[in-house]
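Residue numbers (full-length UniProt numbering): 1 to 233.
Below is the structure:
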């Protein structure tokens with residue numbers, strides 16, 4: 001019975017690996033129609049008795065402003081172009097910080113956040129982290145850094161029911177994503193640690209200060225030159 005069970009589990013694992021790899025490969029070219037995070041937010045709103053309308057409009061890479069691309073990299077994952085999905089130095093620093101009893105700090109890369117937003121549920125369980133690691137490896141294997149960042153910017157949450165750069169720009173500033181200024185882009189990036197509580201259009205002193213820091217980090221990283229090196233263009 002134990003051998004039969006192990007064989008079945010192995011068969012399930014192989015089917016899951018094959019299907020998930022095929023899905024990631026397809027999404028290398030096809031814009032994802034939505035994300036699991038969007039589904040989760042919709043279900044939550046139904047349960048709370050306050051249904052929300054999800055806002056999301058896809059913008060291809062060339063229509064997303066460099067200022068926003070660099071602001072998100074500067075604020076979320078400055079080693080994005082260098083790592084293979086996991087920033088080991090940041091993970092060690094976060095572990096040491098959390099062990100010392102400080103406020104809980106994460107170390108998720110843009111690749112990990114993209115994997116979680118697209119395919120998984122929220123939470124901090126070891127099971128979810130294991131799935132997140134698997135999908136992160138798949139993204140880094142089958143997608144370019146440009147594609148990962150493109151999907152991230154079109155999937156990340158920027159308020160209740162507001163997903164992606166285009167919906168965020170219209171919701172917070174009343175303009176399309178291509179027309180975001182450097183300051184507006186940095187404010188959008190500044191709220192990503194807590195986008196349902198912080199507002200880029202009505203920034204607190206902390207958010208405004210963080211946005212200024214992000215703009216400084218963008219310059220230190222090289223701005224658009226960083227993106228050209230990353231994409232090889």
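Just so it is clear, CB atoms sit at the ideal spot from N, CA and C, and this is done for glycine as well.
Through-space distance from residue j to residue i, alpha-carbon basis
i, j, result
"residue 125", "residue 12", "21 Å"
"residue 84", "residue 111", "9 Å"
"residue 8", "residue 130", "20 Å"
"residue 148", "residue 220", "22 Å"
"residue 35", "residue 222", "32 Å"
"residue 108", "residue 4", "38 Å"
"residue 52", "residue 42", "7 Å"
"residue 210", "residue 195", "14 Å"
"residue 59", "residue 202", "24 Å"
"residue 224", "residue 178", "15 Å"
"residue 86", "residue 47", "35 Å"
"residue 235", "residue 49", "Any answer about residue 235 is impossible in this case: the structure gives the chain only from 1 up to 233."
"residue 61", "residue 143", "14 Å"
"residue 10", "residue 18", "12 Å"
"residue 6", "residue 128", "22 Å"
"residue 91", "residue 15", "31 Å"
"residue 80", "residue 44", "31 Å"
"residue 261", "residue 171", "As shown, the chain starts at 1 and ends at 233. That puts residue 261 outside it, with no answer to give."
Residues bridged to residue i (per DSSP)
i, result
"residue 247", "With the chain covering only 1 through 233, there is no way to say anything about residue 247."
"residue 157", "163"
Spatially closest choice to residue i from the options, by CA coordinates
i, options, result
"residue 161", "107, 39, 198", "39"
"residue 117", "79, 127, 157", "157"
"residue 159", "54, 14, 15", "54"
"residue 165", "76, 227, 154", "154"
"residue 37", "78, 224, 173, 121", "121"
"residue 163", "28, 203, 32, 144", "32"
"residue 139", "128, 123, 119, 127", "119"
"residue 63", "28, 180, 200", "180"
"residue 20", "141, 82, 45, 151", "141"
"residue 30", "204, 151, 174, 233", "151"
Integer-rounded CB distance, given that residue j should sit under 8 Å from residue i
i, j, result
"residue 169", "residue 176", "6 Å"
"residue 234", "residue 229", "The structure shown does not extend to residue 234, since the chain is modelled only from 1 to 233, so the question has no answer here."
"residue 66", "residue 227", "6 Å"
"residue 192", "residue 76", "6 Å"
"residue 207", "residue 198", "5 Å"
"residue 146", "residue 231", "5 Å"
"residue 236", "residue 217", "The structure shown has nothing for residue 236, since the chain only spans 1 to 233."
Proximity test, residue i beta-carbon vs the ligand ADP heavy atom, cut-off 8 Å
i, result
"residue 121", "Ligands in the displayed structure: none, and consequently the ligand ADP is not present."
Is there contact here, the segment 187-200 with the segment 66-73, by at least three beta-carbon pairs under 8 Å? Two segments are said to touch when three or more pairs of C-beta atoms, one from each, lie closer than 8 Å; by this definition the segment 187-200 touches the segment 66-73.
Contact the segment 24-36 vs the segment 132-146: 3+ CB pairs below 8 Å: Three or more beta-carbon pairs drawn from the segment 24-36 and the segment 132-146 are found closer than 8 Å, and the two stretches are therefore classed as touching.
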